[in-house]
Amino acid sequence: MKTFSLLRSAAWMLVICSSLQVRADTTYADDSTHQEKYVLVIHGGAGTILKKNMTAQKEAAYKAGLEEALKTGYKALQAGKSSLDAVEATIRVLEDNPLFNAGKGAVFTHDGRNEMDAAIMNGKTLEAGSVAGVSTIRNPIAAARAVMEKSEHVMMAGRGAEQFAKEAGLEIVDPAYFRTEERWEGLQKALKADSLKSRLDHSYQPAGKLGVENIDNKFGTVGAVALDKAGNLAAGTSTGGMTNKKYGRIGDAPIIGAGTYANNNTVAVSCTGWGEFFIRSVVAYDLSALMAYKGLTVQEAGKAVIEKVGTLGGNGGLIALDKNGHAALPFNTEGMYRGMVTAEGKITIEIYK
Ligand code: ASP
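Its first residue numbered 560, the sequence shown is counted upward by one per residue in the working numbering.
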């Protein structure tokens with residue numbers, strides 16, 4: 560009897576230790592906010608965002624930007640507008656804010672250009688629209704919506720997408736509009752690191768074989784997911800992509816099912832992080848499928864997909880809002896700019912883990 564209970568304690572110790580091991584191996588955070596009901600959840604990018612590297616001023620500016628976006632979307636939802644309207648309005652605010660890597664303030668490509676991607680999806684109809692590699696559309700999220708609503712296509716790229724946006728009456732700007740000094744410096748740092756690494760190690764492939772580099776250790780894509788009064792979900796994502804990206808590289812944001820997805824039966828999702836890994840893991844759709852086919856909660860499914868990204872060696876995070884207004888905001892980076900608002904108008908904004 561004694562031997563049995565000793566064995567049983569040893570077995571329990573083993574279980575506890577191995578679960579601790581899993582925790583120690585996985586850098587993972589989740590706000591676990593499922594008790595409350597949210598109508599709008601946003602992100603402003605995930606990455607190495609550490610308090611010690613942030614000035615009080617900068618932190619306040621980021622928080623103000625997130626708050627302005629949340630209030631804009633919330634106002635739309637309160638006025639009875641659709642989740643699509645709220646997502647678009649929210650993302651426009653973030654695109655116009657140079658702090659975020661979307662619209663003005665987008666990161667630079669290897670060739671010194673700003674090439675943006677965006678997508679939007681209607682959870683009620685499963686209609687979707689996206690644009691990729693655009694350089695002259697002031698608000699790429701508006702172009703994504705126009706693709707969804709005013710064309711028979713889902714995805715348009717480059718010059719064709721720009722032509723379409725112009726014909727749809729959207730605001731077209733000179734490519735110089737998107738430039739900010741901070742992002743330009745980010746590219747210079749990435750280029751320097753590229754050439755230094757290739758000189759130091761001949762086996763090193765500049766900026767990795769992916770042709771992109773997360774040089775400032777911060778992503779910064781923006782995204783929004785919303786649930787409106789009619790019970791309809793919508794998701795949207797907009798980004799400048801990754802610093803030093805090459806050869807017309809396109810990330811996960813405009814790929815429906817990878818960086819963006821919405822389905823009234825399950826969840827609305829917007830991702831941020833190292834896009835190649837999010838594409839390969841088909842993150843947003845995988846999250847929805849885990850809920851639909853396995854009956855996982857939004858928290859369980861969110862945690863599972865971010866862990867899959869981590870297993871492949873990728874990093875980032877996502878926001879997910881289910882059909883009942885429960886939210887999950889998992890990420891495996893040091894921080895993620897994020898915010899939520901409840902149906903009663905209670906706003907929460909967070910940056911660090
Ligand atoms: N996911 C984006 C991309 O790979 C980058 C980001 O989230 O900041 O293009």
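The C-beta atom is built at its ideal place from N, Cα and C for all residues, glycine as well.
In this text, all values refer to a predicted model and were calculated from it rather than measured experimentally.
- With a cut-off of 7 Å, the C-beta of residue 673 is classified as distant from the ligand ASP, since no heavy atom of the ligand falls inside that distance.
- Proximity to residue 812 across 849, 790, 781, 822 peaks at 781, based on C-alpha coordinates.
- If you compare the alpha carbons of 674, 601, 682 with that of residue 825, the shortest gap goes to 682.
- In this structure, the C-beta of residue 676 approaches the ligand ASP to less than 7 Å from one of its heavy atoms.
- The beta carbon of residue 890 sits no closer than 7 Å to any heavy atom of the ligand ASP.
- Residue 897 sits in a strand when the DSSP states are folded into three classes.
- The region 598-605 makes contact with the region 890-899: 3 or more CB pairs, one atom from each, lie closer than 8 Å.
- Three or more Cβ pairs closer than 8 Å define a contact, and the region 795-805 falls short of that threshold against the region 621-634.
- Look at residue 811: its beta carbon is less than 7 Å from one of the heavy atoms in the ligand ASP.
- An exposed status is given to residue 728, since fewer than 16 other beta-carbon atoms sit within 10 Å of its beta-carbon.
- In this structure residue 700 is in contact with residue 797, their Cβ atoms being roughly 5 Å apart against a cut-off of 8 Å.
- Residue 793 and residue 745 have their C-alpha atoms some 32 Å from each other.
- Per the C-alpha coordinates, the member of 675, 680, 748 positioned closest to residue 720 is 675.
- Not one heavy atom of the ligand ASP sits closer than 7 Å to the Cβ of residue 737.
- Straight-line measurement puts the Cα of residue 620 at about 14 Å from the Cα of residue 612.
- In this structure, the straight-line span from the alpha carbon of residue 852 to that of residue 844 is close to 12 Å.
- By the Cβ criterion, the region 660-667 is not in contact with the region 683-693, since fewer than three pairs of Cβ atoms, one from each stretch, lie closer than 8 Å.
- The bridge partners DSSP lists for residue 647 come to none.
- Between residue 791 and residue 694 the beta-carbon gap is near 32 Å, outside 8 Å, which marks them as no contact.
- Annotation: residue 786 is outside any alpha helix (DSSP H); the continuous beta strand (DSSP E) that includes it extends over 781-786.
- One Cα belongs to residue 906, the other to residue 635, and the distance between them is close to 15 Å.
- Restricted to the region 653-712, the beta strand (DSSP E) segments that are unbroken, complete and at least 3 residues in length are 675-681, 687-693, listed in chain order.
- Residue 615 and residue 723 have their C-alpha atoms roughly 42 Å apart.
- Taking every protein chain shown into account, the CB of residue 743 has fewer than 16 other CB atoms within 10 angstroms, so this residue is exposed.
- Excluding five sequence positions before and after residue 840, the CB atoms of its chain that fall closer than 7 Å to its own CB belong to 864, 867, 868, 871, given in chain order.
- Taking the CA atoms as reference points, residue 632 sits about 43 Å from residue 754.
- Counting only residues of its own chain and dropping the five nearest sequence neighbours on each side, residue 671 has a CB closer than 7 Å to the CB of 746.
- Positions of the beta strand (DSSP E) runs, each at least 3 residues long and wholly inside the region 804-835, are given as 819-821, 826-832 in order along the chain.
- Remark: the shortest separation between the CB of residue 818 and any heavy atom of the ligand ASP falls under 7 Å.
- Residue pairing by DSSP places residue 875 opposite 832 in a beta bridge.
- Using a cutoff of 7 Å, the CB of residue 743 does not count as near the ligand ASP, since none of the ligand's heavy atoms is closer than that.
- In this structure residue 678 is in contact with residue 815, their Cβ atoms being roughly 6 Å apart against a cut-off of 8 Å.
- Taking 7 Å as the cut-off, one finds at least one heavy atom of the ligand ASP near enough to the beta carbon of residue 798.
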